[in-house]
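Going down the list, the sequences are from chains A and B.
For the first sequence, the working numbering gives the first residue as 271, with consecutive numbering after it.
For the second sequence, the working numbering gives the first residue as 271, with consecutive numbering after it.
Here is the structure we will look at, set down as structure tokens.
There are 2 protein chains.
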Amino acid sequence: MAGEPPQDVQHPHADAAMARPGGRTARVREAVIDATIAELSEVGYAALRVDAVAARAGVNKTTIYRRWGTKVGLVSMALIERRGRLVPPADTGTLRGDLIGLLKEIRLGLKVPWVAALQREAGPRTAANADLYELLDRFWSARFKVSGVIFERAVERGELPAGTDPGFLLEMISGPLYFHWLMLGRPLDDDFLERMADFTLHGAQAGPPAAG
Amino acid sequence: MAGEPPQDVQHPHADAAMARPGGRTARVREAVIDATIAELSEVGYAALRVDAVAARAGVNKTTIYRRWGTKVGLVSMALIERRGRLVPPADTGTLRGDLIGLLKEIRLGLKVPWVAALQREAGPRTAANADLYELLDRFWSARFKVSGVIFERAVERGELPAGTDPGFLLEMISGPLYFHWLMLGRPLDDDFLERMADFTLHGAQAGPPAAG
Numbered sequence: 271m272a273g274e275p276p277q278d279v280q281h282p283h284a285d286a287a288m289a290r291p292g293g294r295t296a297r298v299r300e301a302v303i304d305a306t307i308a309e310l311s312e313v314g315y316a317a318l319r320v321d322a323v324a325a326r327a328g329v330n331k332t333t334i335y336r337r338w339g340t341k342v343g344l345v346s347m348a349l350i351e352r353r354g355r356l357v358p359p360a361d362t363g364t365l366r367g368d369l370i371g372l373l374k375e376i377r378l379g380l381k382v383p384w385v386a387a388l389q390r391e392a393g394p395r396t397a398a399n400a401d402l403y404e405l406l407d408r409f410w411s412a413r414f415k416v417s418g419v420i421f422e423r424a425v426e427r428g429e430l431p432a433g434t435d436p437g438f439l440l441e442m443i444s445g446p447l448y449f450h451w452l453m454l455g456r457p458l459d460d461d462f463l464e465r466m467a468d469f470t471l472h473g474a475q476a477g478p479p480a481a482g
Numbered sequence: 271m272a273g274e275p276p277q278d279v280q281h282p283h284a285d286a287a288m289a290r291p292g293g294r295t296a297r298v299r300e301a302v303i304d305a306t307i308a309e310l311s312e313v314g315y316a317a318l319r320v321d322a323v324a325a326r327a328g329v330n331k332t333t334i335y336r337r338w339g340t341k342v343g344l345v346s347m348a349l350i351e352r353r354g355r356l357v358p359p360a361d362t363g364t365l366r367g368d369l370i371g372l373l374k375e376i377r378l379g380l381k382v383p384w385v386a387a388l389q390r391e392a393g394p395r396t397a398a399n400a401d402l403y404e405l406l407d408r409f410w411s412a413r414f415k416v417s418g419v420i421f422e423r424a425v426e427r428g429e430l431p432a433g434t435d436p437g438f439l440l441e442m443i444s445g446p447l448y449f450h451w452l453m454l455g456r457p458l459d460d461d462f463l464e465r466m467a468d469f470t471l472h473g474a475q476a477g478p479p480a481a482g
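Put into structure tokens, the structure is as follows:
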């Protein structure tokens, strides 16, 4: 046990992975995640087929169904594994800086082909993708929880009034970005992101709605 | 000619329509629009088939292809005919009132099943619906042109600074509404719309970006 490598060390060599208990399971898992992401990048979510993922990963289709259930389960697992480790936005010292940082982070994510394909095809809720709603709820809830810290910091700094609602403000700043990119099909250039940040800065100072 | 009814009177009775030159053409057109909208409401855009529209309208499929070309042409025609007559938002006397009026108008549109189906399925730009981009560009351009008057009036009233960019502000107010409804799957209640209006009111006062 003393000579055992730390659990988080990666073993690119298959034999090394197989030598450990759980090595094959972990290897199959990684191969399936890679194959899922490659398929998402190529054909998107709607056209993704579990048997194409299985063929690409070199595993039996039944292995995938047994472990992850359905296409939704498979994509959820890939999404959580590769995008689940959300890092709180860096503290730039000002709300304006933090807002621009957040917008640039979202833009960076949307430059990853499989993330963009997933957002375009599976992000909007349609009758056809109702099986994804639960995953989407978890995704946005996790994302908002981590990103909301920006507005909490701004309240602490005295830049925003107490009682500010981070969830509402995250909708106000994320909404136009997705609308611009997804619905209008326009580029997310720096100038646009900065104008959005300034707009949000002023809008947020409206504060919570007056009681009554 | 003196006894001719005004052009805008509708003839629900087929014989009356057939008695006029162009009567059959107009009747087929109305039947095809009705059938397109009924199919959109039932199956959405992605699953809509031209032969199902033809069968429902009681016309030959080739008639539709000859007159409107493709599925995109057909849906464009239905959209322009039934949603193309955009009316400028009513002047409530204040920017806040106008913003709430605009948001409620958009919400009302999204309560129409075929409009909602079209926005959910065909609004977001994917690789699969690239044939719709031109239609979407025309749709948003027309919509923004008509709705932008809200911000022009606010500048005239002195509520917003000169140089205000109506297109940018329309993105800022429409974006969160579509994000909330389409991506988060949440209801558009009055409270949310009013908070959005207050946020936009303050955000818009940030004015155009400083030169340099």
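Cβ atoms here follow ideal geometry from the backbone N, Cα and C, with glycine treated the same way.
Got a sec: is the Cβ-Cβ distance from residue i to anything in chain B below 9 Å?
| i | result |
| --- | --- |
| A:Leu-318 | no |
| A:Ala-286 | A caution first: A:Ala-286 carries a pLDDT of 43, below 50, which makes its placement in the model unreliable, though a value can still be read off. Chain B contact via Cβ: absent. |
| A:Leu-471 | yes |
| A:Gly-339 | no |
| A:Leu-310 | no |
| A:Phe-322 | Note on residue identity: the sequence assigns Ala, not Phe, to residue 322 of chain A. Chain B, which has no Cβ nearer than 9 Å to the Cβ of A:Ala-322, makes this no. |
When the cut-off is 9 Å and only beta carbons count, does residue i lie next to chain D?
| i | result |
| --- | --- |
| B:Pro-394 | Looking at the structure shown, chain D is missing, and the protein chains on hand are A and B. |
Taking 9 Å as the CB-CB cut-off, is residue i touching chain A?
| i | result |
| --- | --- |
| B:Tyr-403 | yes |
| B:Ser-444 | yes |
| B:Pro-276 | Because the pLDDT at B:Pro-276 is just 36, under 50, the model does not fix this residue reliably, and the value given afterwards should be weighed accordingly. No, B:Pro-276 does not count as interfacial toward chain A. |
| B:Asp-460 | no |
| B:Glu-300 | no |
| B:His-450 | yes |
| B:Glu-441 | yes |
| B:Ala-474 | yes |
| B:Asp-407 | yes |
| B:Leu-447 | yes |
| B:Asp-468 | yes |
| B:Ala-387 | yes |
If you compare alpha carbons, which of the options is closest to residue i?
| i | options | result |
| --- | --- | --- |
| A:Lys-415 | A:Pro-436, A:Leu-405, A:Ala-301 | A:Pro-436 |
| A:Lys-374 | A:Val-320, A:Ser-417, A:Glu-429 | A:Ser-417 |
| A:Glu-464 | B:Asp-459, B:Gly-473, B:Ala-467 | B:Gly-473 |
| A:Ala-348 | A:Arg-336, A:Val-329, A:Leu-310, A:Tyr-403 | A:Leu-310 |
| A:Ile-307 | A:Phe-462, A:Ala-324, A:Ala-296 | A:Ala-324 |
| B:Gln-475 | B:Glu-351, B:Tyr-335, B:Pro-431, B:Arg-326 | B:Pro-431 |
Which residues in chain B sit within 7 Å of residue i, going by Cβ to Cβ distance?
| i | result |
| --- | --- |
| A:Phe-438 | Arg-465 |
| A:Ala-325 | Per Cβ cutoff of 7 Å: no residues; A:Ala-325 is ~22 Å from chain B at best. |
Can you pull the chain A neighbours of residue i, defined as C-beta to C-beta under 9 Å?
| i | result |
| --- | --- |
| B:Glu-391 | Pro-394, Thr-396, Ala-397, Ala-398 |
So what's residue i in DSSP terms, helix, strand or just coil?
| i | result |
| --- | --- |
| A:Glu-375 | helix |
| B:Leu-349 | helix |
| B:Thr-470 | helix |
| A:Asp-227 | Because residue 227 of chain A is not part of the residues shown, which for chain A are 271 to 482, the question remains open. |
| A:Asn-399 | helix |
| A:Tyr-335 | helix |
| B:Pro-359 | coil |
| A:Val-382 | coil |
| B:Ala-322 | helix |
| B:Glu-441 | helix |
| A:Glu-422 | helix |
| B:Phe-430 | Per the sequence presented here, residue 430 of chain B reads as Leu, with Phe not at that position. Reduced to three states, the DSSP call for B:Leu-430 is coil. |
| B:Ala-476 | coil |
| A:Leu-454 | coil |
| B:Gly-343 | helix |
What residues of chain B sit near residue i, judged by a beta carbon separation below 8 Å?
| i | result |
| --- | --- |
| A:Trp-410 | Met-453, Leu-454 |
| A:Leu-314 | Looking at the sequence itself, residue 314 of chain A is Gly, so the reference to Leu does not match. Residues of chain B passing the Cβ test: Thr-396, Ala-397, Ala-398. |
Taking residue i as part of the alpha helix (DSSP H), name the residues at either end of that continuous run.
| i | result |
| --- | --- |
| B:Val-298 | 293–313 |
| A:Phe-449 | No alpha helix (DSSP H) holds A:Phe-449; DSSP gives it neither H nor E. |
Please compile the residues from chain B whose C-beta is within a distance smaller than 9 Å of the C-beta of residue i.
| i | result |
| --- | --- |
| A:Ala-348 | Within chain B, no residue comes near A:Ala-348; the closest Cβ sits about 19 Å away, beyond 9 Å. |
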